[in-house]
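2 protein chains.
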Amino acid sequence: MTKINDGKTTEAPTMNDVARRAGVSAMTVSRALKEGSHVSSATRERITRAINELGYVLDQSAGSLSSRRTGFVAAIIPSINNSNFSDTARGITDALEGTGLQLLLGYTNYSVEREEELIEAMLRRRPEGIILTGGSHTPKGRRMLEQAGIPVIETWDRPAQPIDKVVGFSNGEAMELLVETLARKGYRRFGYIGGVTARDTRGSQRRAGFVRALERLGLSSDRVISFGVPPISMEQGAQAVVSMLERWPDTQVALCVSDLSAFGALMECQRRGLKVPQDIAIAGFGDYEIAACCHPRMTTVNVDCYGIGRQAALKLTQTIQAQSPGTPEPVTLTGFRVIEREST
Amino acid sequence: MTKINDGKTTEAPTMNDVARRAGVSAMTVSRALKEGSHVSSATRERITRAINELGYVLDQSAGSLSSRRTGFVAAIIPSINNSNFSDTARGITDALEGTGLQLLLGYTNYSVEREEELIEAMLRRRPEGIILTGGSHTPKGRRMLEQAGIPVIETWDRPAQPIDKVVGFSNGEAMELLVETLARKGYRRFGYIGGVTARDTRGSQRRAGFVRALERLGLSSDRVISFGVPPISMEQGAQAVVSMLERWPDTQVALCVSDLSAFGALMECQRRGLKVPQDIAIAGFGDYEIAACCHPRMTTVNVDCYGIGRQAALKLTQTIQAQSPGTPEPVTLTGFRVIEREST
DNA sequence: CTGTTAGCGCTTTCAG
DNA sequence: CTGAAAGCGCTAACAG
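Residue numbers (our numbering), protein chains in the order written: chain L, 1 to 344; chain A, 345 to 688.
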């Protein structure tokens, strides 16, 4: 393979091939490819033609090596398969649109060990910033993030000791609000359905919020079913509600760690001929599409998943642009609100 | 900024910094970082220590420039927010695990124009292979893919003129099978609910299959509701079934382009006091989690979304490894099967 | 097992 | 507006 590409090999053409064909230098081609740089329109036209004839596509890896800007932003979410987090990912990509920044997305399956691996894998690509879900990381993961020298945004949570910037809300407070809202409605005997381990930080915070709110109200917070490895599925929600009704048949309302398990519980109740909310009320968390559409429609907590992503990405681009670190607010609190529907 | 990094600046340390600190050459550091290369354990230990002290992370962009292997695989799906496609994405990442290949994921929002942009954006990163959803692309997109000189895998479909390799199934045949299965069960008056435009290729193929099967059976294929821009939502499914029952009150079974719209239709029927399947039967497509869990449980077509991703990634890695192009089978057909449940 | 040299394809920087 | 030289951080290839 000669250095001079003859266009007949399968080797991809380089910028030099384009330059030669257009009768200019590579530098001029580089300029023509970048917005807002001054190239005479005649030259630009010749270059464009050469690019099309050759089927040239810019090699950005090479470019970023010399410009020291990769154009990557990394984001790590627990699951790609959960519409709450994929809404956040959508928010990020949408906010990145037009900035020339491209998203490098990874998911951890709710494992901090996997998160640590991902952090390293992504940092090898030299992203210009990184967006994480939650504030729990391995010590090594945390150290890598701190030393990376790029803006770090933790989302979906309010970490006690943020690494850098935060866009999130308190999952505990959100669950407390749900409990209070339902208590005000007259419910007294509350149950909670969630996953078993502490793997899902946000899940355990919601459970803690549940307990806190009931204790404050002087109500029992014992009715807690922990079932299945988070994230718990619809089917597991169905099984959990059965356990709950066996152990505590007088439960008035079952709060679930997410709408998905709540939906499973709701359907299972119907299958068993229980009327919701008359025999048992059910509420979820997350305001997934399903909550608004199921029958009866589900009471839940809306947490603006898309907005979390959008704001995280905005904060990131602002921080990247504002050379001086720390320009945007360090913490952005995103809203949550209880959506009362027919299931309670 | 001097070339020699003193560790006190915010500049990220380079391999040379590590080498100097460990008293070896950069090349040895490079070797120590790569699996299966021979470095004495004493040297390796010094290097490892230097890496930890410095918090060094390999710069893969630089590495790929010289090794001419980026370690990227690109995948483009219609929506990240749809569990069918995110299952495919999961299948891809899982199959890529341990290969040293990293996924570059993008979504098109069901727009071929957006797909074209994404193809170019991804090719700029010089992926070693690319996985697409469906066989419809813009002419320019197709040309770029053909000229990229990397394996291309089209999935979720059986394109008439594949660019390269295919892992998919015929959406039309799958829908025909559903119609036949239900006709065998005695249903005669079939309705179809799907989106309006041809944006969603797989959606229109399913509709075409619906029509074909009914014509073959000598049954009417007129009851078609086209409602909403694909992908149609649960809520739109709910509205569509209402229209259908207004226009053709004698419809016996409503087939929906996906489980999501089918679920919306199912819930709406319950809301209106219609018994499913007695008053009207409903079937979906995709076998989403919700189909197995809703009440009544939904009849649908399972299409092995995860397996499509897994097999596509396997075919890709095989093709990348087998230097000689075209080693694996060009077309892998993935299975589909009708899952009969309570809704029909 | 380790080092040296060269260069991947582009952009920065400086000249013209 | 355009070009030439240098080099980004790493690894291939070869030498020892």
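Ideal placement from N, C-alpha and C gives every residue a C-beta, glycine not left out.
Buried or exposed (CB count within 10 angstroms, at least 16 for buried), residue i
| i | result |
| --- | --- |
| Asn-396 (chain A) | exposed |
| Val-573 (chain A) | exposed |
| Met-371 (chain A) | exposed |
| Lys-659 (chain A) | buried |
| Ala-382 (chain A) | First, the residue type needs correcting, since residue 382 (chain A) is His and not Ala in the sequence shown. It counts as exposed. |
| Pro-330 (chain L) | exposed |
| Gly-100 (chain L) | exposed |
| Cys-305 (chain L) | buried |
| Arg-202 (chain L) | buried |
| Ser-41 (chain L) | exposed |
| Gly-367 (chain A) | exposed |
| Arg-125 (chain L) | buried |
| Thr-671 (chain A) | exposed |
| Gln-580 (chain A) | buried |
| Gly-380 (chain A) | exposed |
| Arg-46 (chain L) | buried |
| Thr-344 (chain L) | buried |
Which residues DSSP lists as bridging residue i, in chain order
| i | result |
| --- | --- |
| Ser-226 (chain L) | L:Gly-194 |
| Lys-509 (chain A) | A:Ile-497 |
| Thr-477 (chain A) | A:Thr-499 |
| Gln-446 (chain A) | A:Phe-416 |
| Ile-77 (chain L) | L:Tyr-107 |
Residue i at chain L interface by Cβ criterion, 8 Å
| i | result |
| --- | --- |
| Thr-414 (chain A) | yes |
| Arg-685 (chain A) | no |
| Asn-428 (chain A) | no |
| Gln-404 (chain A) | yes |
| Gln-665 (chain A) | no |
| Val-647 (chain A) | no |
| Ser-605 (chain A) | no |
| Gly-539 (chain A) | no |
| Ile-624 (chain A) | no |
| Gln-446 (chain A) | yes |
| Asn-425 (chain A) | yes |
Alpha carbon of residue i to alpha carbon of residue j, nearest angstrom
| i | j | result |
| --- | --- | --- |
| Met-466 (chain A) | Tyr-187 (chain L) | 53 Å |
| Phe-607 (chain A) | Met-642 (chain A) | 8 Å |
| Gly-168 (chain L) | Ile-424 (chain A) | 22 Å |
| Arg-271 (chain L) | Ala-238 (chain L) | 10 Å |
| Asp-250 (chain L) | Gly-399 (chain A) | 56 Å |
| Ala-584 (chain A) | Gln-655 (chain A) | 35 Å |
| Glu-689 (chain A) | Arg-206 (chain L) | The displayed coordinates of chain A run from 345 to 688. Any statement about residue 689 (chain A) would go beyond what the structure contains. |
| Thr-482 (chain A) | Val-401 (chain A) | 39 Å |
| Gly-307 (chain L) | Arg-223 (chain L) | 33 Å |
| Ala-627 (chain A) | Ala-542 (chain A) | 22 Å |
| Arg-388 (chain A) | Glu-11 (chain L) | 36 Å |
| Thr-432 (chain A) | Asn-453 (chain A) | 16 Å |
| Val-18 (chain L) | Leu-104 (chain L) | 29 Å |
| Ala-292 (chain L) | Ala-504 (chain A) | 40 Å |
| Gly-539 (chain A) | Lys-34 (chain L) | 39 Å |
| Arg-218 (chain L) | Pro-640 (chain A) | Residue identity differs from the one stated: residue 218 (chain L) is Gly in this sequence, not Arg. Whole-angstrom Cα-Cα distance: 39 Å. |
| Thr-437 (chain A) | Asp-508 (chain A) | 21 Å |
| Leu-604 (chain A) | Ser-30 (chain L) | 47 Å |
| Arg-90 (chain L) | Arg-365 (chain A) | 43 Å |
Cβ of residue i within 8 Å of any chain A Cβ
| i | result |
| --- | --- |
| Cys-256 (chain L) | no |
| Gln-131 (chain L) | Note on residue identity: the sequence assigns Ile, not Gln, to residue 131 (chain L). It does not: the Cβ of Ile-131 (chain L) has no partner Cβ on chain A nearer than 8 Å. |
| Glu-53 (chain L) | no |
| Leu-65 (chain L) | yes |
| His-295 (chain L) | yes |
| Ala-12 (chain L) | yes |
| Asp-87 (chain L) | yes |
| Leu-123 (chain L) | yes |
| Ala-174 (chain L) | no |
| Met-144 (chain L) | yes |
| Glu-116 (chain L) | no |
| Gly-98 (chain L) | no |
| Ser-233 (chain L) | yes |
| Gln-270 (chain L) | yes |
What are the complete alpha helix (DSSP H) segments, minimum 4 residues, inside the segment 610 to 686 of chain A? 633 to 637, 649 to 665
Fully enclosed by the segment 540 to 609 of chain A, which alpha helix (DSSP H) runs are 4 residues long or longer? 545 to 561, 578 to 591
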